[in-house]
Amino acid sequence: MNKSSAAIRRAFHEFFAERGHEIVPSASLVPANDPTLLFTNAGMVPFKDVFLGREQRPYNRAVSAQRCVRAGGKHNDLENVGYTARHHTFFEMLGNFSFGDYFKRDAIRHAWAFLTETLELPAERLWVTVYADDDEAAGIWLDEIGVDPARFVRISSSDNFWSMGDTGPCGPCSEIFYDHGPEVPGGPPGSPDEDGDRYVEIWNLVFMQYDRGANGALSPLPKPSIDTGMGLERMAAVAQGVTNNYDIDLFRRLVDAAAGLVGTDDRASSSLRVIADHIRACSFLVVDGVLPSNEGRGYVLRRIIRRAVRHGYKLGVSDPFFWRLVEPLVGEMGEAYPELAEHQALVERVLRLEEERFRETLEQGLRLLETDLKDLEGDTVPGETVFKLYDTFGFPVDLTADVAREQGLHLDMEGFEAAMTAQRERARAASVFRAEYGGAADFGGTTEFSGHAVYEDAAEVIGLYRDGGAVDALAPGDTGMVILDRTPFYAEAGGQVGDSGHLVANGVEFAVDDTQRYAQARGHIGRMISGELRLGDAVDARIDGARRDRTTLNHTATHLLHAALREVLGEHIHQKGSLVAPDRLRFDFAHFEPITAEQRREIEALVNAWIRSDQDAEIFETGYDEAIALGATALFGEKYGDRVRVVRFGDVSTELCGGSHVAATGRIGLFRLIAEGGVSAGVRRIEAITGADAVARVQADAATLDAAAERLKVSPDNLLVRLDQDIDRQRSLERELGRLKQKLASQAGDELADAATDIEGVKVLAARVENAGESLRDTVDQLKNKLGRAVIVIAAEDGNGKVRLVAGVTSDLTGQVRAGDLVNHVATQVGGRGGGRPDFAQAGGSDAAALPAALDSVTDWVQSQLQS
1 MNKSSAAIRR AFHEFFAERG HEIVPSASLV PANDPTLLFT NAGMVPFKDV FLGREQRPYN
61 RAVSAQRCVR AGGKHNDLEN VGYTARHHTF FEMLGNFSFG DYFKRDAIRH AWAFLTETLE
121 LPAERLWVTV YADDDEAAGI WLDEIGVDPA RFVRISSSDN FWSMGDTGPC GPCSEIFYDH
181 GPEVPGGPPG SPDEDGDRYV EIWNLVFMQY DRGANGALSP LPKPSIDTGM GLERMAAVAQ
241 GVTNNYDIDL FRRLVDAAAG LVGTDDRASS SLRVIADHIR ACSFLVVDGV LPSNEGRGYV
301 LRRIIRRAVR HGYKLGVSDP FFWRLVEPLV GEMGEAYPEL AEHQALVERV LRLEEERFRE
361 TLEQGLRLLE TDLKDLEGDT VPGETVFKLY DTFGFPVDLT ADVAREQGLH LDMEGFEAAM
421 TAQRERARAA SVFRAEYGGA ADFGGTTEFS GHAVYEDAAE VIGLYRDGGA VDALAPGDTG
481 MVILDRTPFY AEAGGQVGDS GHLVANGVEF AVDDTQRYAQ ARGHIGRMIS GELRLGDAVD
541 ARIDGARRDR TTLNHTATHL LHAALREVLG EHIHQKGSLV APDRLRFDFA HFEPITAEQR
601 REIEALVNAW IRSDQDAEIF ETGYDEAIAL GATALFGEKY GDRVRVVRFG DVSTELCGGS
661 HVAATGRIGL FRLIAEGGVS AGVRRIEAIT GADAVARVQA DAATLDAAAE RLKVSPDNLL
721 VRLDQDIDRQ RSLERELGRL KQKLASQAGD ELADAATDIE GVKVLAARVE NAGESLRDTV
781 DQLKNKLGRA VIVIAAEDGN GKVRLVAGVT SDLTGQVRAG DLVNHVATQV GGRGGGRPDF
841 AQAGGSDAAA LPAALDSVTD WVQSQLQS
């Protein structure tokens with residue numbers, strides 16, 4: 001057969017489809033409804049609930065080629081990528097699965113037939129391992145398949161016994177290895193030299209046959225199952241006769257494309273392999289909705305991008321290049337994964353923007369690291385250095401480790417963690433925490449919520465708390481928390497704030513300021529206005545209906561906003577947080593660039609169009625999988641139960657949500673977007689108002705427009721024309737001011753140029769000027785033009801003992817003398833610091849008395865730089 005990677009993937013699907021397996025498409029790299037995993041890291045992850053009996057599929061045999069990422073969290077191969085033959089951040093796991101159908105015999109026969117017949121691998125090159133006590137599997141291999149006992153090994157370690165966790169489904173494994181031959185170093189499985197490259201594991205069969213209890217005891221599963229995994233990249237290496245995964249067709253073309261972009265012929269370069277690996281992981285993560293950010297999955301993506309960019313920088317690339325590899329990747333994998341081709345433009349934009357952002361600090365950070373390493377004693381990079389790079393320049397620790405490894409160094413991780421801990425302590429000390437009713441977390445009761453149907457309900461007091469602890473009664477003036485057996489009060493969740501209102505009875509009133517959830521109970525937090533409230537008392541629970549109504553308008557508007565953002569900006573938009581309050585809504589979402597004014601108008605217009613269309617709400621409960629099949633939007637990382645609440649407004653919006661919503665979108669009245677901006681890298685925030693608040697805002701904006709027009713003595717229709725005229729007039733005055741500054745700078749430059757000293761053909765000038773104002777930079781530029789090859793420092797005092805410094809270096813000298821280093825040399829002597837580009841830099845200081853000596857030192861410093 002054709003043994004290309006694509007052909008192997010296709011043959012695997014066809015082989016098992018012919019044997020009754022359902023071909024299941026690759027799931028997302030972001031695990032659905034599973035907050036325990038950062039990424040999908042194995043082929044069985046999409047079937048996890050099937051194996052656990054929580055989910056039923058219409059088939060009991062499946063085959064898949066699953067995209068996987070191991071970079072971050074427990075399963076992290078990132079630091080090894082580029083330095084070993086088989087580590088990747090992104091890989092494809094081919095797998096066949098049986099859910100209570102066939103077991104060991106058929107699983108073993110299928111694997112052997114595919115390897116020896118379909119792929120035509122020589123049987124004498126294949127080694128087999130089983131778990132030491134698995135006599136059943138051993139008998140099948142030795143007696144039925146006929147594996148040579150000399151190539152058969154029993155292994156008792158955990159490598160050959162698989163578990164889903166500390167408890168639950170588990171079972172023995174059987175692994176198949178390929179022998180590359182004696183010319184490759186390494187020993188057979190189970191030997192002391194097994195970590196070499198000669199014998200490579202190509203298939204793992206997991207026989208899921210036990211249930212491990214909390215006491216560690218194993219009991220047979222009623223329906224034993226099969227979970228297998230065969231790494232496509234490893235199998236392609238074997239089938240194509242190479243020992244390094246980066247030499248297979250999938251990587252050869254990417255390595256060639258990267259080599260062409262960075263301008264090197266060294267195809268064995270570790271940096272090229274890093275870049276070729278990382279473009280796959282980054283592209284597919286963006287396709288699956290992950291965007292660069294400072295936390296969670298987005299931070300892992302940012303680390304991978306920055307690692308690739310650093311390796312490009314190491315190879316001498318000065319311009320953004322990484323995004324250009326998306327096109328060759330689409331050519332290589334777009335047929336197997338059409339979603340990659342569909343999102344090509346988005347992936348390219350995200351990677352290019354992130355690379356451009358990082359390049360702004362990359363050179364400065366690397367220079368700092370190189371300086372620290374130059375003075376390093378020993379082979380350990382101090383933890384403080386690692387932390388400074390991480391905290392100041394956004395250098396992921398593994399990127400610093402990469403640089404250190406290339407110089408035979410390692411990192412002081414204990415020191416780094418100590419610096420991180422100190423920073424966290426400082427952050428905690430600066431935070432203000434409100435008193436929490438911590439004891440309520442252990443409250444065993446349940447509160448039934450009736451607030452979707454009614455705003456007032458009869459209830460019984462089942463819990464009381466004061467000063468953080470449980471009590472039997474609350475007296476007048478007490479601040480505390482009341483737990484009821486049922487309540488119309490919505491407890492804060494899903495971004496929607498908790499309700500306020502009153503709990504009343506004969507002579508008793510408790511004012512509720514907030515409602516919070518504590519396990520299955522709902523706590524009403526507030527103060528006793530009158531009377532005494534005791535456990536078992538009956539009360540009438542009344543929410544503030546007007547406040548809830550305003551909150552409800554904003555919550556439904558949030559759903560419409562989410563839908564509008566996805567329509568205008570793209571399907572990659574995913575919610576990162578929200579606030580739904582009576583007076584406003586706030587929506588955070590993953591996006592990689594600011595929203596334009598035109599896009600803002602389009603988003604606002606779209607939401608208002610849906611409001612005017614008066615879409616009826618359809619709210620119902622169903623199974624999680626059924627809801628997703630209906631197109632419902634679920635939040636990444638949220639844990640949903642088997643039954644979920646779906647909120648749908650026509651064909652506009654369908655989301656999983658437990659909050660309050662209007663009966664029809666027309667009730668919202670008006671939507672007004674009031675702010676948009678970035679809250680962190682890769683995360684944007686929109687704030688908006690609805691209903692009467694939106695109308696009041698429109699009226700206020702109109703009043704402001706009228707007042708501005710009146711002050712400028714024009715009609716509102718001509719306001720922009722008048723503003724343009726005034727702006728043009730101001731710009732004309734600024735240009736005239738600029739010409740006067742240049743004239744002053746030229747005059748000052750003529751006087752100063754004569755004071756320059758010649759050192760080895762370089763004009764060096766360190767001078768002090770009076771009444772410089774804002775013209776220091778212009779003076780330096782004038783002097784550079786007059787002096788030719790020159791190094792210049794100009795200083796001025798502000799009259800309050802403060803010093804301002806400006807340094808300039810002509811472009812032909814920046815390889816020997818950097819303006820930033822020069823200005824810092826002077827600034828440190830006058831109690832300051834600064835920085836800038838290699839050809840221009842600025843600084844400030846607080847010790848004007850030390851300025852003469854600092855300027856006198858410039859000539860010797862420059863001479864030392866030129867000589868070195």
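Counting from 1, one number per residue, gives the positions in the sequence shown under the UniProt record's numbering. Quick reminder that beta carbons are idealized off the backbone N, C-alpha and C, glycines included. Since we're looking at a predicted model, the values are computed, not measured.
Based on DSSP bridge pairs, tell me the residues matched to residue i.
i    : result
V238 : Answer is none; V238 lacks a bridge partner.
W127 : F177
W162 : G171
K763 : D758 and A790
M230 : L94
H410 : T380
T515 : H524
V461 : L484
T385 : BP columns for T385 are empty, so no partner.
N204 : E175 and G229
P220 : Y210
Please classify residue i: does DSSP put it in a helix, a strand, or coil?
i    : result
M420 : helix
G196 : coil
A429 : A caution first: A429 carries a pLDDT of 47, below 50, which makes its placement in the model unreliable, though a value can still be read off. Helix at A429.
A473 : strand
T810 : coil
A435 : In this prediction, A435 has a pLDDT of 41, which is less than 50 and means its spatial position is unreliable; what the coordinates show is noted afterwards. Coil, per DSSP.
D778 : helix
S530 : strand
H591 : coil
H502 : strand
S578 : strand
T243 : coil
Q730 : helix
K802 : coil
Sorted by chain position, which residues of the same chain lie with C-beta nearer than 6 Å to residue i's C-beta, five sequence neighbours on each side aside?
i    : result
I145 : W112
W323 : E348, L351 and R352
F395 : G365 and L389
L579 : G495 and R586
P224 : F103 and Q209
Within the same chain, show all residues whose beta-carbon is closer than 7 Å to that of residue i, passing over the 5 residues directly before and after it, in chain order.
i    : result
T556 : H661, V662, T665 and I668
L673 : R600, I603, E604, I686 and A688
Near residue i, what residues of its chain come up, given a Cβ to Cβ distance below 8 Å and the 5 sequence neighbours on each side ignored?
i    : result
E55  : D49 and D625
G383 : L411, D412, M413, E414, G415, F416, E417, A418 and A419
Considering only the alpha carbon of each residue, which of the options lies closest to residue i?
i    : options                   : result
T622 : N608, A605 and Y640       : Y640
G216 : G260, D249 and C170       : C170
S28  : D288, T264 and A401       : D288
V769 : V242, L805, D758 and Q867 : L805
R267 : R280, R252, I279 and A281 : R252
L752 : D402, V793 and V397       : V793
N80  : I619, V184 and R405       : R405
L765 : K784, R777 and V683       : K784
V184 : Y178, R198, E194 and G190 : R198
Q725 : E736, L712 and K763       : L712
G631 : V461, A563, D781 and R833 : A563
G495 : T633, A756, K223 and T551 : T551
Indicate whether at least one CB of chain B lies closer than 9 Å to the CB of residue i.
i    : result
S225 : This model lacks chain B altogether; it includes just one protein chain.
Any chance the region 298–306 sits against the region 343–355, with 3 or more Cβ pairs inside 8 Å?
yes
Could you say if the region 174–192 and the region 128–138 meet the contact criterion of at least three C-beta pairs nearer than 8 Å?
yes
Just checking, does the region 482–499 make contact with the region 444–454 on the three C-beta pairs under 8 Å criterion?
yes
For the region 534–553 against the region 254–262, do three or more pairs of beta-carbon atoms, one drawn from each stretch, fall closer than 8 Å, so that the two count as touching?
no
Are the region 677–686 and the region 465–475 touching, with three or more C-beta to C-beta distances below 8 Å?
no
Taking one C-beta from the region 569–576 and one from the region 523–536 each time, how about it: are there three or more such pairs within less than 8 Å?
no
Decide if the region 150–170 is in contact with the region 97–112; the criterion is three or more beta carbon pairs, one per stretch, under 8 Å apart.
no
Under 8 Å: do the region 269–287 and the region 309–329 share three or more Cβ pairs, one atom per stretch?
yes
Closer than 8 Å is the cut-off here; do at least three beta carbon pairs connect the region 113–122 with the region 7–18?
yes
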